[in-house]
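Undergrad: Can you keep this structure in mind? I'll have questions shortly.
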Amino acid sequence: MSVFARNRSRQWICLLTVVTLGAIGLSTQADAAVVEGTPYSGTDTWMDDSCGYRTDVAATFSGRTSVRTGTGPATSFFFFTDNYSFREVHTDPATGRWFVVRGNGLFKDVQAKPVGGNVFEVKAMNVGQSFVVEDSTGKVAFRFAGAVTFRYLFDTGGDNVPGGQDVEFLGATVSGHDPQVSLCSAAGSLIGTGSASRLAGHPLGSTSSPLGYYEYLPPGYGQGTKKPLLVFLHGYGGTGDGSPAQLPNVINDAGIPLYIANNGWATDRPFVVLAPQHNDVPSPAYPYPCDVPFGGSCVMQLQHGYGNPLPAGSPCWTPSEVQAFLGYALTHYDVDPARVYLTGLSCGGYGVWESLGQSGATTVAAAVPIAGEGRPALGSSGCALASTPIWAFHGDADDVVNPAGSIDTINSLRTCPAPPAKDLRLTIYPQVDHNSWDHAYSGSQGQDIYSWMLGFTTN
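Numbering follows the working numbering, in which position 244 of the sequence shown is assigned residue number 245; successive positions increment by one, without gaps.
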């Protein structure tokens, strides 16, 4: 992730929290006030794997902030500005190839207002030359100048004064063109693999498939040797009706299709990759509440308890649509039926667990569920889940899907007396939130799920 996103979403939020509360407190005490921030600058290094491959990043950044507050406790507001600039060098450690990301911009017209109780809503917009991407010769390969709007919620805890300690960050939303997608696309054209040229979309109705989908065909496909099949199940953000307008949600969401589209997929991997789109139909009014505090786990628990309805409405993947798509794939592609592998993230991870619970061992040689809730399938299928090799991934800071959805499920399966458990693996990334898939799919942390999957067949 670039400093544009990284610095804004982490360092800027921390700074904004302090300044926001101080400004809100000042606005309740005086007609107006100006808080001048001191200039800031620094350097940073990190590893980035959000585009599907690892780059080591070295960055410098600087800026200056200022705040002007408004009046009245009922209409507290302030205007926050941050003039910033940064430069990053991204290097692929495997090849030594590198590119530069640099930019400057202005966060301005930030407004805070009470939305109920001690909760304040803060809005900001980033404008300017957010970033440009240059190749190693200094030639500009891409310019991003789109405006991005941020919305943050803070709970002041009631102290509502400068320097107050009872502060809780409630979350953030971003609207506007995603700068990270643009960055990955530009970077892939400079140091990528060329995988995008092998990606094709098939909207619903253009084939006999029950779902719209994307296909990636590896080098050598159709030349006499059947290839292994890897089916990817997207998260909730990839849902759609399979139409030409909505099918791109699959590649604009996250994970393997995004990597392929941005030339971040290693073309020496032998898989035919198919990425279907979950049919986005209205969700039913569930007849009972869930009993878990994690929003994603709640939805997945309810869907399982309600019987994984389709077409009545399902937020996440259902076993029936996964099995129907697998049936289509096996009859329409030159793939080895003994080497069929299933993976997915978030709602897709849940779909992997649910599919394994119903008919996994008969069709799937190995599976990789990421950030998915597996306990409902465990409750229904029990030790039968252990008949398929599974490597589950989760971030220990995931606040959407409970990490216990992977941890408890794998640990329970490891105790199964019969049938004997196959290879069961669990990787928990420390201090990683819901997005544990970039680490898992890129292999940046040393886990090679692709070689592992290829070690199993259904024979």
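For every residue, glycine included, the Cβ atom is placed at its ideal position computed from N, Cα and C.
Keep in mind it's a predicted model, so treat the numbers as computed, not measured.
(1) Thinking just about the alpha-carbon of each residue, which of 393, 248, 417 and 267 is nearest to the one in residue 220?
(2) How about residue 386 and residue 346: do their beta carbons lie closer than 8 Å?
(3) At 3 residues or longer, and completely inside the region 171 to 233: list those beta strand (DSSP E) runs for me, N to C.
(4) Specify the secondary structure class of residue 453 as computed by DSSP and reduced to three states.
(5) Quick one: what's got a C-beta closer than 6 Å to residue 329's C-beta in the same chain, skipping five residues either side?
(6) Have a look at 154, 369 and 240 and flag the residue whose alpha-carbon is nearest the alpha-carbon of residue 117.
(7) Could you tell me the distance, in whole angstroms, from the CA atom of residue 63 to the CA atom of residue 242?
(8) Residue 47 by DSSP, collapsed to three states: which one?
(9) With 16 other CB atoms within 10 Å as the buried threshold, where does residue 244 fall?
(10) Starting from the C-beta of residue 398, find all residues in its chain whose C-beta is less than 7 Å away, skip the five residues before and the five after it, and write them out in chain order.
(11) Give the secondary structure of residue 377 by DSSP, where H, G and I count as helix, E and B as strand, and everything else as coil.
(12) Using three-state DSSP, classify residue 150 as helix, strand or coil.
(13) Could you have a look at residue 458 and say whether DSSP puts it in helix, strand or coil?
(14) Provide the residue(s) that pair with residue 108 in DSSP beta bridges, ordered along the chain.
(15) Whole angstroms are fine: how far does the CA of residue 375 sit from the CA of residue 302?
(16) On the DSSP letters alone, give me the boundaries of the beta strand (DSSP E) that residue 396 sits inside.
(17) Nearest-angstrom Cα distance between residue 461 and residue 247?
(18) What three-state label does DSSP hand residue 115 in the structure shown?
(19) Here's the rule: buried if 16 or more other CB atoms are within 10 angstroms of the residue's CB, otherwise exposed. What is residue 95?
(20) I think residue 199 touches residue 217, with their Cβ atoms under 8 Å apart; what is that distance to the nearest whole Å?
(21) Buried or exposed: where does residue 140 fall if 16 or more other Cβ atoms within 10 Å of its Cβ makes it buried?
(22) Alpha carbon to alpha carbon, what distance is there between residue 207 and residue 273?
(23) Sort out for me which residues DSSP pairs residue 274 with in a bridge.
(24) Leaving out the 5 sequence neighbours to the left and right, which residues in its chain are closer than 8 Å to residue 222 when beta-carbon positions are compared?
(25) Work out the CA separation of residue 121 and residue 204 for me, nearest whole Å.
(26) Would you tell me roughly how many angstroms separate the C-alpha atoms of residue 401 and residue 87, rounded to the nearest one?
(27) Between the beta-carbon of residue 360 and the beta-carbon of residue 324, is there less than 8 Å?
(28) Where does residue 238 sit, in a helix, a strand or coil, going by DSSP?
(29) Out of 455, 277, 390 and 331, state which residue places its alpha-carbon closest to the alpha-carbon of residue 319.
(30) Taking only beta-carbon positions, decide if residue 381 is within less than 8 Å of chain D.
(31) In angstroms, rounded to a whole number, what distance separates the CA positions of residue 370 and residue 350?
(32) Thinking C-beta only, is residue 97 closer than 8 Å to residue 133?
(33) Within its chain, find whatever has a CB closer than 6 Å to the CB of residue 396; leave out the 5 residues flanking it on each side and keep chain order.
(34) In three-state DSSP terms, what is residue 258?
(35) Taking the Cβ atom as the reference point for each residue, do residue 297 and residue 54 lie within a distance shorter than 8 Å?
(36) Roughly how many whole angstroms lie between the Cα atoms of residue 78 and residue 114?
TA: Working from what's here:
(1) 267
(2) no
(3) 200 to 203 and 214 to 217
(4) helix
(5) 210
(6) 154
(7) 44 Å
(8) strand
(9) exposed
(10) 432, 433 and 434
(11) helix
(12) strand
(13) coil
(14) 83 and 127
(15) 9 Å
(16) 391 to 396
(17) No information on residue 461 is available, as it lies outside the stretch 2 to 460 that the chain covers here.
(18) strand
(19) exposed
(20) 5 Å
(21) exposed
(22) 19 Å
(23) 217 and 231
(24) 228, 273 and 335
(25) 43 Å
(26) 32 Å
(27) yes
(28) helix
(29) 277
(30) No chain D appears in the structure shown, which is made up of a single protein chain.
(31) 4 Å
(32) no
(33) 430, 433, 434 and 437
(34) helix
(35) no
(36) Legend: pLDDT at residue 78 = 47, less than 50; position of this residue unreliable, no value from coordinates given.
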